[in-house]
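Beneath this line is the structure, given in structure tokens, with notes to follow.
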Amino acid sequence: MALIEDLQWRHATKAYDPTKKVSKEDIEKIVEAARLAPTSSGLQPFRIIVVESQEVRERLVAGALNPECMRDCSHLLVFAAWDKYTEERIDTIYNRTTEERELPEGRFNSYTDMIKKLYASQTEEQHFVHTAKQSYIGLGWHWHRQRNCVLILLLLKALTIRS
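Each residue of the sequence shown is one higher than the one before, counting from 0 in numbering that gives the first Met the number 0.
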């Protein structure tokens, strides 16, 4: 029943105690939980950037709705959505999945060929809208009860991962 109790717990944090820090282990658990989130096609089309630097957070404050939270939090987790789907990105994810699960090479080829075709028919703007929405899944998938960590989703194209 701990899961239901955790899901029933909700709190919109409006202020942080700058003297308290979330442990490295807890941050790693939060990031890993988001990485394992059940996103569309299992692609997890985002990166999570952990920002501890006060200097970097100060530079990001200009775009914050609650700048005090960004200044005072222990860590800032930035979810940066992919700018577009590419065959290379899809192959990278599925090759890693095949390797991690010790499956035969090419195990997902028919599926990856299908999603490559689907994404090839879409514009980059459609890709970005989709990846931004997928980032929300990772953002909400695991809300660890750390009350001194700000999770933020940046949907600004200028800050997307381009590779």
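Virtual Cβ for every residue (Gly too), placed ideally from N, Cα, C.
Worksheet item: Exposed or buried, which one is ALA80 when buried takes at least 16 other CB atoms within 10 Å?
Response: For this step, residue 80 is matched to residue 81 along the sequence shown. Looking at its Cβ environment, which holds 16 or more other Cβ atoms inside 10 Å, ALA80 is buried.
Worksheet item: Considering only residues of the same chain and omitting the five flanking positions on each side of LYS156, which have a CB-CB separation below 7 Å?
Response: As a first step, residue 156 must be located in the sequence shown, where it is residue number 157. Confidence at LYS156 is low in this model, with a pLDDT of 35, below 50, so the placement of that residue is unreliable and no value is reported for it.
Practice prompt. Compute the Euclidean distance between the alpha carbons of ARG100 and ARG88, then round it to the nearest angstrom.
Written response: Mapped onto the sequence shown, residue 100 falls at position 101. Mapped onto the sequence shown, residue 88 falls at position 89. Each residue's alpha carbon lies about 18 Å from the other.
Practice prompt. Please confirm whether VAL49 and ARG56 have their CB atoms less than 8 Å apart.
Written response: By one-based count along the sequence shown, residue 49 stands at place 50. By one-based count along the sequence shown, residue 56 stands at place 57. Contact: no.
Worksheet item: Counting pairs of Cβ atoms below 8 Å between the region 52 to 70 and the region 98 to 115, do you hit three or more?
Response: No contact exists between the region 52 to 70 and the region 98 to 115.
Practice prompt. Tell me whether GLN121 is buried or exposed, calling it buried when 16 or more other Cβ atoms sit within 10 Å of its Cβ.
Written response: For the purposes of this step, residue 121 is taken as residue 122 along the sequence shown, with counting starting at 1. Answer is exposed; the Cβ neighbour count stays below 16.
Worksheet entry | Straight-line gap, ALA36 to ASN65 (C-alpha atoms, nearest Å) | Here residue 36 refers to the residue found at position 37 when the sequence shown is read from its first residue. Here residue 65 refers to the residue found at position 66 when the sequence shown is read from its first residue. Taking the straight line joining both Cα atoms gives about 27 Å.
Worksheet item: Helix, strand or coil for TYR15 per DSSP?
Response: As a working note, residue 15 is residue 16 in the sequence shown. In this structure, DSSP gives TYR15 a state outside helix and strand, which the three-state scheme calls coil.
Worksheet entry | CA-to-CA distance, THR18 to GLN125, given in whole angstroms | Taking the first residue of the sequence shown as 1, we reach residue 125 at position 126. Taking the first residue of the sequence shown as 1, we reach residue 18 at position 19. Going by the C-alpha atoms only, they are around 42 Å apart.
Practice prompt. Rounded to whole angstroms, what's the CA-CA distance from ILE29 to LEU42? Just pull it up for me.
Written response: To locate residue 29, count along the sequence shown from 1; it is residue 30. To locate residue 42, count along the sequence shown from 1; it is residue 43. Whole-angstrom Cα-Cα distance: 18 Å.
Worksheet entry | C-beta atoms of TYR84 and TYR118 nearer than 8 Å | The sequence position of residue 84 within the sequence shown is 85, counting from 1. The sequence position of residue 118 within the sequence shown is 119, counting from 1. Using a Cβ distance threshold of 8 Å, TYR84 and TYR118 count as a contacting pair.
Worksheet entry | Three-state secondary structure (DSSP) of TYR203 | The chain is shown from 0 up to 162; residue 203 falls before or after that span and cannot be answered.
Worksheet item: What did DSSP end up calling GLU104 once you bin it into helix, strand or coil?
Response: Numbered from its first residue, the sequence shown carries residue 104 at position 105. Here GLU104 sits in coil by DSSP.
Worksheet item: ALA36 by DSSP, collapsed to three states: which one?
Response: In the sequence shown, residue 36 corresponds to position 37, counting from 1. In the structure shown, ALA36 adopts coil according to DSSP, grouped into three states.
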